[in-house]
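Residue numbers (the working numbering): -17 to 161.
Built from N, CA and C at the ideal position, the CB exists for glycine as well.
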Amino acid sequence: SSNLKVDNPSDTNSLIPYLTANGALELRRFTIKWIDPSKANNQQKACMDMLRIEEGDILITRSGTIGKVTYATKDLATNYLISDDLVRIRVKDETLRAYLLSYFTSKTALSLMLLDEYGSVQQHLQPRHIQEMLIPVPDDWENASAMIAAGQKFMKAMEAMSIADRDIRVNGFDALLQI
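Right, dumping it as structure tokens:
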């Protein structure tokens, strides 16, 4: 709701950062929106809770340019509310998560997602379309070892970039201006 949104706040200590789907896809956090939770009623607080993600979630855009994939780092999961225009895929097993991340970033998976899109002006995809996608499972997981390793490398790189981005925002040039 517009009464919760705070434009250009000078102090963000009591505010919650919110990211649109495009904001969550950015490697650096340039397009943060701010929400004042003290102005939220119980229903709005419940909705805000539904916008939380968990570290390790695979996030896929479902509106606009559908099928873009990102990974929920610790920082993203801990510190931000994320638009529901990103489908959340939660997999406990890290090896399977890496396999699925590699799969969902593939041209094959994108082609399958595009088969289920709808909307004449802005494209949309329902979470159930992703849930119902057929995902090839190898008979021998050894055959998918390079794919799994690539997914694990991507997850580690995303985590490292997230840490570096937070560090430069906290300790970068603007920190000098605070002295």
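Rounded to whole angstroms, the separation of the alpha carbons of ASP66 and VAL152 is 27 Å. Rounded to whole angstroms, the separation of the alpha carbons of ILE40 and VAL73 is 8 Å.
Exclusion of the five residues before and after TYR81 leaves ALA126, MET129, ILE130 and GLY133 as the residues of its chain whose Cβ lies within less than 7 Å of its Cβ. By the C-beta criterion, the segment 106 to 118 is judged not to be in contact with the segment 50 to 63, since fewer than 3 inter-stretch pairs fall below 8 Å. Along the segment 36 to 122, the beta strand (DSSP E) occurs as fully enclosed runs of 3 or more residues at 40 to 43, 51 to 53 and 68 to 71, listed in sequence order. Close CB contacts of LEU(-14) within its chain, under the 8 Å cut and outside five residues either way in sequence, are with ILE17, ASP18, PRO19, LYS21, ALA22 and GLN26 (chain order). Excluding residues up to 5 positions away in sequence, VAL(-12), PRO(-9), TRP16, ILE17, ASP18 and PRO19 lie with their Cβ nearer than 8 Å to the Cβ of LEU(-3) in the same chain. Burial state of ARG44 is buried, judged by a 10 Å Cβ sphere holding 16 or more other Cβ atoms.
LEU1 has ILE64 as its beta-bridge partners, per DSSP. Exposure of ALA139 is indicated by the presence of fewer than 16 other C-beta atoms within 10 angstroms of its C-beta. When DSSP reads this structure, VAL(-12) sits in a beta bridge with TRP16.
If you draw a straight line from the Cα of ILE42 to the Cα of ASP149, it is about 26 Å long.
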